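Inspection log for the structure reproduced underneath, given as structure tokens.
2 protein chains.
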Amino acid sequence: MPLGKRVLDKISQIVREEMNAIGGQEVQMTVLQPRELWEKTDRWDDKKVDNWFKTKLASGTELGVGLTHEEPIVDALKDFVSSYKDLPIYVYQIQSKFRNELRAKSGLLRGREFMMKDMYSLARTQEEHEELYEKAAEAYCRVYERLGIGEITYRTYADGGIFTKRFSDEFQTISDIGEDTIFVHEQRKIAVNKEIMTDENLGKLQIKREELVEKRGVEVGNIFPLETKYTDALDVYYTDEKGEKHSIIMGCYGIGVSRLVGMLAEHFADERGLVWPSSVAPFQVYLISIGRDEEAEKIYDDLTNRGVEVLYDDRADKKPGEKFADADLIGIPLRVVVSEKTGNKVEVKKRTEKDPELIEADTIFEYL
Amino acid sequence: MPLGKRVLDKISQIVREEMNAIGGQEVQMTVLQPRELWEKTDRWDDKKVDNWFKTKLASGTELGVGLTHEEPIVDALKDFVSSYKDLPIYVYQIQSKFRNELRAKSGLLRGREFMMKDMYSLARTQEEHEELYEKAAEAYCRVYERLGIGEITYRTYADGGIFTKRFSDEFQTISDIGEDTIFVHEQRKIAVNKEIMTDENLGKLQIKREELVEKRGVEVGNIFPLETKYTDALDVYYTDEKGEKHSIIMGCYGIGVSRLVGMLAEHFADERGLVWPSSVAPFQVYLISIGRDEEAEKIYDDLTNRGVEVLYDDRADKKPGEKFADADLIGIPLRVVVSEKTGNKVEVKKRTEKDPELIEADTIFEYL
Numbered sequence: 029m030p031l032g033k034r035v036l037d038k039i040s041q042i043v044r045e046e047m048n049a050i051g052g053q054e055v056q057m058t059v060l061q062p063r064e065l066w067e068k069t070d071r072w073d074d075k076k077v078d079n080w081f082k083t084k085l086a087s088g089t090e091l092g093v094g095l096t097h098e099e100p101i102v103d104a105l106k107d108f109v110s111s112y113k114d115l116p117i118y119v120y121q122i123q124s125k126f127r128n129e130l131r132a133k134s135g136l137l138r139g140r141e142f143m144m145k146d147m148y149s150l151a152r153t154q155e156e157h158e159e160l161y162e163k164a165a166e167a168y169c170r171v172y173e174r175l176g177i178g179e180i181t182y183r184t185y186a187d188g189g190i191f192t193k194r195f196s197d198e199f200q201t202i203s204d205i206g207e208d209t210i211f212v213h214e215q216r217k218i219a220v221n222k223e224i225m226t227d228e229n230l231g232k233l234q235i236k237r238e239e240l241v242e243k244r245g246v247e248v249g250n251i252f253p254l255e256t257k258y259t260d261a262l263d264v265y266y267t268d269e270k271g272e273k274h275s276i277i278m279g280c281y282g283i284g285v286s287r288l289v290g291m292l293a294e295h296f297a298d299e300r301g302l303v304w305p306s307s308v309a310p311f312q313v314y315l316i317s318i319g320r321d322e323e324a325e326k327i328y329d330d331l332t333n334r335g336v337e338v339l340y341d342d343r344a345d346k347k348p349g350e351k352f353a354d355a356d357l358i359g360i361p362l363r364v365v366v367s368e369k370t371g372n373k374v375e376v377k378k379r380t381e382k383d384p385e386l387i388e389a390d391t392i393f394e395y396l
Numbered sequence: 029m030p031l032g033k034r035v036l037d038k039i040s041q042i043v044r045e046e047m048n049a050i051g052g053q054e055v056q057m058t059v060l061q062p063r064e065l066w067e068k069t070d071r072w073d074d075k076k077v078d079n080w081f082k083t084k085l086a087s088g089t090e091l092g093v094g095l096t097h098e099e100p101i102v103d104a105l106k107d108f109v110s111s112y113k114d115l116p117i118y119v120y121q122i123q124s125k126f127r128n129e130l131r132a133k134s135g136l137l138r139g140r141e142f143m144m145k146d147m148y149s150l151a152r153t154q155e156e157h158e159e160l161y162e163k164a165a166e167a168y169c170r171v172y173e174r175l176g177i178g179e180i181t182y183r184t185y186a187d188g189g190i191f192t193k194r195f196s197d198e199f200q201t202i203s204d205i206g207e208d209t210i211f212v213h214e215q216r217k218i219a220v221n222k223e224i225m226t227d228e229n230l231g232k233l234q235i236k237r238e239e240l241v242e243k244r245g246v247e248v249g250n251i252f253p254l255e256t257k258y259t260d261a262l263d264v265y266y267t268d269e270k271g272e273k274h275s276i277i278m279g280c281y282g283i284g285v286s287r288l289v290g291m292l293a294e295h296f297a298d299e300r301g302l303v304w305p306s307s308v309a310p311f312q313v314y315l316i317s318i319g320r321d322e323e324a325e326k327i328y329d330d331l332t333n334r335g336v337e338v339l340y341d342d343r344a345d346k347k348p349g350e351k352f353a354d355a356d357l358i359g360i361p362l363r364v365v366v367s368e369k370t371g372n373k374v375e376v377k378k379r380t381e382k383d384p385e386l387i388e389a390d391t392i393f394e395y396l
């Protein structure tokens, strides 16, 4: 619905800006996927990947409905990457993904169709790969900071999957709504996922068990080393200055953009409704007039002209009390009320505070 | 790929702004569609709608892959529309659609997966419906003007489909690449699709055959009167002031956003490559330095800070001639060259012109 769509778009835009800032190039792959491509990496068979949605062309040819895009990205880059001069690169997309989960649950947190930013890095050497990987991890931290969850989000060691001995990195936000168990190292601002909590792993990570505190976390992103699994399988190599052929080392970097809508909604909500962080709120100001429509319209025009997104609740059939409740319910950061009572001033109230205050009408922009 | 994605996003944004300007509210429906919903309007059966992609949940339940969204939109609005006070409304989305065409062809012009803006209007009376319909038609004209094809795009009478005796309206752009035959009435700036060119229809439209000129057109949008077919079938009505129940009259309004990328590319291209209209070009300026990198970087920073999108071709291994050719090939509106030869000035050349001219470096912004 319209308000949620605005939040989704704002989160996408923050993610886009941070990926662009490290040199990410945005592309868009197709959702429909050819069988042959996925057979090359042995990921077509439902016994190997059990959450594919499959469909068929009118001619009978089987197609997959994109659940991730390592294969198509690597295949598409075949035409652009062959020399050492073409690397390193980051490519990413923000797009609907489809996973045939047996049990979809918790609304936007785990659905069968969701909006995801998936980025892929291609590097010439392990050292270069690690640079790209760390740069992307830092970009992720900036995303969470801008979303208002930087302080409570931990880079978390997790299982690396089947084709690497390295760990993968999850980003986990500490929250009562979390479904994962993680162990937080406050001092180093890192964490360890319960699934890899063995003495051996803690030894590798140089972490002592007693330094860790158990918490519940929501996964808000993950990054994986993919080694050369996909590039080798799809026959994409680069040649160096001397004309020698080498494997390309990949990383992949996911952020569930629609999942973040659900996560931020649930995490920040209070008994009166949603509380959107200002950076992703669908509007910055919820404007209410009590018998002072002319003044309210002036404020609306003034703020809108200055680039502030204002939701002016001009419903004639609703009482002020109902409007106050709706302003809280949909979680707009600042409520502004113009009424006879406020004289030349206006009443402003932050969603996160209980009491309003009076300010001069022409200082709302500065107040924001 | 990145440049095309930028064009796609710019077209989407122009469409979005014009739909918002007439009060359109943006939503996003799911791609995956439940069978039951489409059975209510008798559009599930492959014999009735022959270009569905179908898929299955892990449990075996059949799902459709969204080819259009009348049913889900009306179903979703059930929770928001019941009183005369809730109408009229426009809702729209910009989203990937999937159609199982027997013969996909012409790249982005007719693919099985494409990006579409689909808008739906809901009105209380036929008169109100017609107001919404005309207002949307005018918004479409503004979209085509901003895309640089306003002069050559004609509102064209076409077949209204199975559940209305009215005509539908196509928007057809006159072009050599067009696959439709239309008959243009220059004076009235309208056209008639060949498929409805009967004496009876011309009579209804008060058009004389001899006033028309045959042309080839590319369909760049269409709008349809849907009468009460979907709202009635899905049991969505409104009650008036007296509590009486009435049917809701719908219209639908499509623009193929990715199709427009292909259409604009093919229509404007010349022998040297693409020629993007400035409003949708991936970048406004293609910047080349010939031994004057410092000055070029200053220009880059200056223009970028002023909001101009500059593609700075700083490839060290390419000769100026190759860069000139690439600037033309990818169709950036203005090429700017800084070199020893130009002294304190820079050489600017519009993509649509043959010869460059010299201007002061600090006047590029004004020149744009």
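One line per chain: the protein sequences are A and B, in this order.
Throughout, the working numbering is defined as the position within the first sequence, counted from one, plus 28.
Throughout, the working numbering is defined as the position within the second sequence, counted from one, plus 28.
Using N, Cα and C, we set each Cβ at its ideal position, and we do this for glycine too.
Quick caveat, the model's predicted, so the values are computed rather than measured.
Given residue i as reference, the closest of the options once Cα atoms are compared
| i | options | result |
| --- | --- | --- |
| B/A132 | A/S87, A/K257, A/I101, A/E64 | A/S87 |
| B/D390 | B/L105, B/D329, B/V55 | B/D329 |
| A/G188 | A/E166, A/N229, A/Q215 | A/N229 |
| B/I180 | B/C169, B/L115, B/S196 | B/C169 |
| A/L396 | A/F352, A/Q312, A/I327 | A/Q312 |
| A/R400 | A/A104, A/I235, A/E207, A/I224 | This structure gives no information on residue 400 of chain A, because the portion of chain A shown stretches from 29 to 396. |
| B/G135 | B/E375, B/L292, B/I318 | B/L292 |
| B/W72 | B/G176, B/L91, B/M57 | B/L91 |
| B/Q200 | B/F211, B/K193, B/R194 | B/F211 |
| B/A164 | B/K273, B/I276, B/E46 | B/E46 |
| B/P310 | B/Y265, B/L357, B/E323, B/D321 | B/L357 |
| A/A49 | A/K82, A/Y118, A/M57, A/A104 | A/Y118 |
Residue i at chain A interface by Cβ criterion, 8 Å
| i | result |
| --- | --- |
| B/E141 | yes |
| B/S40 | no |
| B/F126 | yes |
| B/L339 | no |
| B/L130 | yes |
| B/P310 | no |
| B/K351 | no |
| B/K33 | yes |
Classification of residue i by the beta-carbon crowding that lies within 10 angstroms, buried from 16 upward
| i | result |
| --- | --- |
| B/L130 | exposed |
| B/K38 | buried |
| A/A167 | buried |
| B/T370 | buried |
| B/P305 | buried |
| A/T267 | exposed |
| A/S203 | buried |
| A/I362 | Reading off the sequence, residue 362 of chain A comes out as Leu, not Ile. Buried, by the Cβ-count rule. |
| B/D197 | buried |
| A/K243 | buried |
| B/T153 | exposed |
Cβ distance (whole Å) where residue i is taken to contact residue j below 8 Å
| i | j | result |
| --- | --- | --- |
| A/T96 | A/K68 | So it is not a contact: roughly 15 Å between Cβ atoms. |
| B/D146 | B/Y120 | 6 Å |
| A/V220 | A/Y185 | 5 Å |
| B/E98 | B/Y148 | 7 Å |
| A/L302 | A/V364 | Wrong, their Cβ atoms sit about 18 Å apart, outside the cutoff. |
| B/K373 | B/E388 | 6 Å |
| A/V43 | B/P30 | No, A/V43 and B/P30 are not in contact; Cβ-Cβ is about 16 Å, not under 8 Å. |
CB contact below 8 Å: residue i versus chain B
| i | result |
| --- | --- |
| A/V93 | yes |
| A/F195 | no |
| A/K82 | yes |
| A/M410 | What the structure shows of chain A is the stretch from 29 to 396, and residue 410 of chain A is not part of that stretch, so it cannot be assessed. |
| A/L85 | yes |
| A/D354 | no |
| A/K106 | no |
| A/K113 | yes |
| A/P30 | yes |
Next on the checklist: What are the residues in the stretch 50 to 70 of chain A lying within 9 Å of chain B by C-beta distance?
Outcome noted: Q53, E54, V55, Q56, T58, V59, L60
Item to check | Selection of the stretch 267 to 280 of chain B by Cβ proximity to chain A, strictly under 8 Å | outcome: none
Item to check | Chain-ordered residues of the stretch 242 to 263 of chain A with a beta carbon less than 8 Å from chain B | outcome: none
Checklist entry - In chain order, what residues of the stretch 316 to 345 of chain A put their CB closer than 8 Å to some CB of chain B? => result From the stretch 316 to 345 of chain A, only D345 have a Cβ closer than 8 Å to chain B.
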